[in-house]
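Q: Per the working numbering, numbering of the sequence shown is gapless, rising by one per residue and ending at 541.
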Amino acid sequence: MNTTEQKNTRPCTASILATAVLTLTATVGTGVTSASAHGLGSPSETDFAAPDQVSEIEFPTTISHRGGADVYPEESMEGFTASARDGFLPEMDIQFLEDGTPVLIHDDTADRTLNGVSGPIRDLSLEEWDSATIKHPQGGEPAETVTLDEALDELGGEVVMVPEIKPGATSAEVDQVLDVFDERGLTDSLIVQSFDFEAAKTIADRGYTSLYLTGSTLPTESFDEIAAAGIEWVGPSKNLPTRDLRRLDKAGFHVAPYTLGTAKDGHRLPGWIDGYFTDDAWTN
258 MNTTEQKNTR PCTASILATA VLTLTATVGT GVTSASAHGL GSPSETDFAA PDQVSEIEFP
318 TTISHRGGAD VYPEESMEGF TASARDGFLP EMDIQFLEDG TPVLIHDDTA DRTLNGVSGP
378 IRDLSLEEWD SATIKHPQGG EPAETVTLDE ALDELGGEVV MVPEIKPGAT SAEVDQVLDV
438 FDERGLTDSL IVQSFDFEAA KTIADRGYTS LYLTGSTLPT ESFDEIAAAG IEWVGPSKNL
498 PTRDLRRLDK AGFHVAPYTL GTAKDGHRLP GWIDGYFTDD AWTN
């Protein structure tokens, strides 16, 4: 079966969403609210509660890490779409296949999250990628893999998305991804992340809202250097001491720590935090 034929066998988004609604239930006693309780499957199911422009984000904002990796198959269309419908910003990671196609997966290897393929993502063909499925975190039905183009076809310009260009991307690959965003006119509806300072600078230079990901210590660059690069958001580890989070906030950055277990953990953060990444945006 060639790549085109295989693509055409994929279920439509409506079918995928129907499956997601059936498999995710409400557990009131634990505070988990199902996607269906938030409106999936309702007459307004084509509406997204998440903002469609960065300028419309209300703080603190909830960023659904990898599309809600503790609730939905990691980096799946089901997770991205459910997140957007329920008002959360879907976050995803960009890696590259053998032929340079940008695809959405966190790890640089397939083994942890995918069925049917193994080894480095950069060694996979597009046909192999399309034939793989994403494991479900709770043992449910696996999901289809997603390319960057497929996610943008579904959500681009409809909601604010938070893509990360993963470490290891070349400067040409960073430009390749930004060119895709340019072609689709997504400047106002993306927060683009990177752990690489030079990439974060390029993202800002190209006119996108740039989020510089850092670790459990303050970045090696000075606050003035980060600001001069046009970077507006900083995403430190949740383990960064509160006093240092506050220093970033007072320096004028939007601060969004990663990665909290649930939204309930996010609600415990100081009020001056502008956002947070969580694997389960629904448990509050």
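By construction, the Cβ of each residue, glycine as well, lies at the ideal position given by its N, Cα and C atoms.
Alpha helix (DSSP H) containing Phe-480: first to last residue?
A: Taken as a continuous stretch (DSSP letters only), the alpha helix (DSSP H) holding Phe-480 covers 480-485.
Q: By DSSP, does Gln-395 sit in helix, in strand, or in coil?
A: DSSP places Gln-395 in coil when its eight states are reduced to three.
Q: Could you tell me whether any Cβ in chain D is nearer than 9 Å to the Cβ of Ile-320?
A: Absent here is chain D; the protein component of the structure consists of one chain.
Q: Going along the chain, which unbroken runs of the beta strand (DSSP E) with 3 or more residues stay wholly within the segment 359-426?
A: Listed in chain order, the complete beta strand (DSSP E) runs (minimum 3 residues) inside the segment 359-426 are 359-361 and 419-422.
Q: How long is the line joining the alpha carbons of Tyr-533 and Pro-347, rounded to whole angstroms?
A: Straight-line Cα distance between these residues: approximately 12 Å.
Q: Contact between the segment 469-488 and the segment 518-528 is defined here as three or more beta-carbon pairs at a separation below 8 Å; is this criterion met?
A: No: fewer than three Cβ pairs fall under 8 Å.
Q: On the criterion of 16 or more Cβ atoms from any shown chain inside 10 Å, does Ser-299 qualify as buried, or is it exposed?
A: Caution applies to Ser-299, whose pLDDT of 32 falls short of 50 and renders its modelled position unreliable; the model cannot decide the point.
Q: Could you name each continuous beta strand (DSSP E) segment of 3 residues or more that falls completely within the segment 450-532, going from the start of the chain to the end?
A: For the segment 450-532, whole beta strand (DSSP E) runs of length 3 or above, ordered along the chain, are 466-470 and 490-492.
Q: Indicate the three-state DSSP secondary structure (helix, strand or coil) for Glu-348 in the structure shown.
A: Looking at Glu-348 - three-state DSSP - the assignment turns out to be strand.
Q: With a cut-off of 8 Å on the beta carbons, I'd call Ile-483 and Thr-466 a contact; round off their distance for me.
A: Actually they are not in contact, since the Cβ atoms of Ile-483 and Thr-466 sit about 14 Å apart, beyond 8 Å.
Q: The alpha helix (DSSP H) that contains Thr-318, what's its start and end?
A: Segment 318-321 is the beta strand (DSSP E) holding Thr-318; no alpha helix (DSSP H) there.
Q: When DSSP labels each residue in this structure, what does Leu-435 get in the three-state scheme?
A: Reduced to three states, the DSSP call for Leu-435 is helix.
Q: For Phe-337, name the three-state secondary structure that DSSP assigns.
A: Of the three classes helix, strand and coil, the one that applies to Phe-337 here is helix, per DSSP.
Q: Once the 5 residues before and after Val-360 are set aside, which same chain residues still bring their CB inside 8 Å of it?
A: Around Val-360: Ile-351, Gln-352, Phe-353, Leu-354, Ile-378, Trp-386, Thr-402, Val-403, Thr-404 and Leu-405.
Q: Quick check: what's the CA-CA separation for Gly-286 versus Asn-541?
A: Caution applies to Gly-286, whose pLDDT of 34 falls short of 50 and renders its modelled position unreliable; the model cannot decide the point.
Q: So, Ala-332 versus Thr-358, is the Cβ gap smaller than 9 Å?
A: It is Glu, not Ala, that sits at residue 332 in the sequence shown. No; because the gap between Cβ atoms is not below 9 Å, this pair is not in contact.
Q: Between the alpha carbons of Asn-372 and Phe-305, how many angstroms are there, rounded?
A: Each residue's alpha carbon lies about 30 Å from the other.
Q: Are the beta-carbon atoms of Thr-471 and Pro-498 separated by less than 9 Å?
A: No, these two residues do not count as a Cβ contact at 9 Å.
Q: Among the candidates Pro-420, Gly-442 and Asp-536, whose CA atom is the shortest distance from the CA of Ala-456?
A: For the residues Pro-420, Gly-442 and Asp-536, the minimum Cα distance to Ala-456 belongs to Pro-420.
Q: Would you list the residues sitting across from Leu-447 in a DSSP beta bridge?
A: Paired residue(s): Met-418.
Q: For Glu-302, which residues of its own chain have a beta-carbon under 6 Å away from its beta-carbon, when the five flanking residues on both sides are left out?
A: Confidence in Glu-302 is poor, its pLDDT being 49 and thus under 50, which makes the residue's placement too unreliable to answer from.
Q: Flag Gly-397 as yes when its Cβ comes closer than 8 Å to any non-hydrogen atom of the ligand FAD, and as no otherwise.
A: Among the components of this structure there are no ligands whatsoever, and the ligand FAD is therefore not found.
Q: By how many angstroms is the C-alpha of Asp-462 removed from the C-alpha of Ser-428?
A: Going from the Cα of Ser-428 to the Cα of Asp-462 covers about 13 Å.
Q: Would you decide whether Gly-523 is buried or exposed? Buried here means 16 or more other CB atoms lie within 10 Å of its CB.
A: Label assigned to Gly-523: buried.
Q: Expressed to the nearest angstrom, what Euclidean distance is found between the alpha-carbon atoms of Asp-380 and Arg-503?
A: Each residue's alpha carbon lies about 42 Å from the other.
Q: Below 8 Å on the Cβ atoms is my guess for Phe-337 versus Thr-319; work out the distance and round it to an integer in Å.
A: That belief does not hold up - the Cβ atoms of Phe-337 and Thr-319 are roughly 14 Å apart, past 8 Å.
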